[in-house]
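J.:
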Amino acid sequence: MVVEVQGTPASWDPIIQTTLVTTLRFQYSSMGLDLPANFERLSDPSSSTVTTGHQLQLFGGPAFLHYKTITTIRKAAELQESTSKPVIPIFWMASEDHDFNEISWVYGSSSKHNWPCPTSGTPPVGDLPLNGIKETLSSWLTDQCDDLQLDFRPHLDLSLDKGESYGQFFIRLMHSWYGDKGLVVLDASHSDLKALFAPEMAREISGQGIATSIKPGKVTPREINLFYSPSGEDRVGIINIESGLKAGSTSLNPSSTPWNEWVLKNAQSLSPSVLLRPYYQEQLLANSHVILGPGEFAYWEQLPFDKPTLYLRDHILVVSEKDLALFNSLDWPLGTEETTSWKTIDELIKARVDQYLRSEFSVDSLENLKSDDKLIQSVLTQLHLEVCFEVSKPKLSKARKTAVKKIRKEIKEILKQEISLIESAHQKVMNGIIPQDRWGNFHVLSNNAGGFKVLRDKLLETKASERPVMQVIVTSEQ
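For the sequence shown, this note's numbering assigns the number 599 to the initial residue and increments by one for each residue that follows.
(1) Starting from K844, follow its DSSP beta bridges and name the residues at the other end.
(2) Where DSSP assigns a beta bridge to F825, which residues make up the other side?
(3) Return the chain-ordered ranges of every beta strand (DSSP E) run that is complete within the region 993-1054 and spans a minimum of 3 residues.
(4) Output needed for A896: all residues of its chain with C-beta closer than 7 angstroms, excluding positions within five of it in sequence on either side, in chain order.
(5) Nearest to S718 by alpha carbon, out of W703, K732 and N699?
(6) Give a yes or no on whether the C-beta atoms belonging to I769 and V783 are separated by under 7 angstroms.
(7) Of the residues V861, K905 and N858, which one's Cα is nearest the Cα of E880?
(8) Excluding five sequence neighbours on each side, which residues of the same chain lie with their C-beta closer than 7 angstroms to the C-beta of V872?
(9) Under the DSSP definition of a beta bridge, which residues are partnered with S628?
(10) Roughly how many angstroms lie between the CA atoms of A661 and L908, to the nearest whole one?
(11) State yes or no: is the C-beta of T649 within less than 7 angstroms of the C-beta of I688?
(12) Mind checking who T907 pairs with in its DSSP beta bridge?
(13) Considering only the beta carbon of each residue, do V1070 and L932 sit closer than 7 angstroms?
(14) Give the DSSP-derived three-state secondary structure of E676 in the structure shown.
(15) Compare the beta carbon distance of F750 and V704 with 7 angstroms and say whether it is the shorter of the two.
(16) Can you tell which of Q806, S1074, L850 and T979 has its C-alpha closest to the C-alpha of E840?
(17) Report yes if the CB atom of L824 is closer than 7 angstroms to the CB atom of E802, and no otherwise.
(18) Going by Cα to Cα distance, which pick from V1042, P643, T617 and A865 is closest to Q742?
(19) For my contact list, A786 and Y878 are in at a C-beta cut-off of 8 angstroms; report their separation, rounded to the angstrom.
(20) Considering only the beta carbon of each residue, do L983 and K1004 sit closer than 7 angstroms?
(21) Can you tell me whether L748 is buried or exposed, with buried defined as 16 or more other CB within 10 angstroms of its CB?
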């Protein structure tokens, strides 16, 4: 797995830096929030930034949102220590994404909880009203730990009282979790910031954009990599047709105003696609590093401009001491160099069945059993099972398969209680084939690790040189 791709550190444009700092001050003050710790460093011309971005997942959503954030804060601190210059961690909100289904769910201890869409259509998720979210929070909290009330309810109640958007509520949460560690949460949908990006959007919309320069790869560029979403309306991709540019049923610039003028006037209604967004991010910030997930590496490497260093986020697994011992006994030593992949529940059950065969019948595995008729018959006899082998040669292969299936089924029945424990343990680290950090909620996982701030600070204190690609946090129980 690629951990780091060296890049070129960016530097500030003084006008952009001043506009960014002013906009961020307004973002925080308009919500009645204190500025993040050491915010003033962002005004220093010698400062730089380390940035990660993420969707506005409900109540933090899957834990890798936090792992990306924690990696960002820690990397900024390490760079500041090594360079003796200010380095500010930035969280870039994907507030203009419009796929509600991707952000509207969160797992508790036992089930998945969904926030019903509070509006029709596909507006940017950051603009959504908070209708119905209080009921979802109550349902989720009852599925885990009442100790988490203070991490969520006061912020939601305040947002509801003020009539704030979902994006503003998300800022409150992120600030309460990481503001004391200096994390600056940036909502780049502000009109003053969009105006800075207007020249690039004008090139994109006039057919001189990034589509022809993007390297082939995971993401295919659109002809025009912009979306259009006037205030309160759906976010729709811009397409080029014979009669001009359209976004859904809306014709753009029917009066044929020069595109640079039209874009500047309508910048607030325009937003970049996933491939154009890094251009916007790199224009606004002085990034030395961006913190990415494995999938994000792929499309960042498609981009043809000088990029900052690409750095892989932390990969964390929270597991109880008891479950870890169980996995180790099944030849799945999580968190060690010997671990090369995730294992499915079927693979773990097979490992236990093979162990039983070795200990009880001196047979290495079910695979080895398939080619030895005498051994099959011996195991069948000892298990008090009957399968007839007195068949013609063409039918012998089928008889063997039937016998091995019966043996496997019988051993699984003998190991029924053990297999139930294996299934229970596996469900805590894998949801089907999906690893824990892509579905398990950080707050829920932290319940058995001392609580949110204890786990957060433990991960922040881990030095990068000491951190394996996957770090296992062992709890006393789970």
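By construction, the Cβ of each residue, glycine as well, lies at the ideal position given by its N, Cα and C atoms.
T.: Checking against the coordinates, here is how it stands:
(1) I837 and S849
(2) G835 and S869
(3) none
(4) G815 and K816
(5) N699
(6) yes
(7) K905
(8) V817 and Y897
(9) Bridge partners of S628: none, in fact.
(10) 20 angstroms
(11) yes
(12) H887
(13) yes
(14) helix
(15) no
(16) L850
(17) yes
(18) V1042
(19) 7 angstroms
(20) yes
(21) exposed
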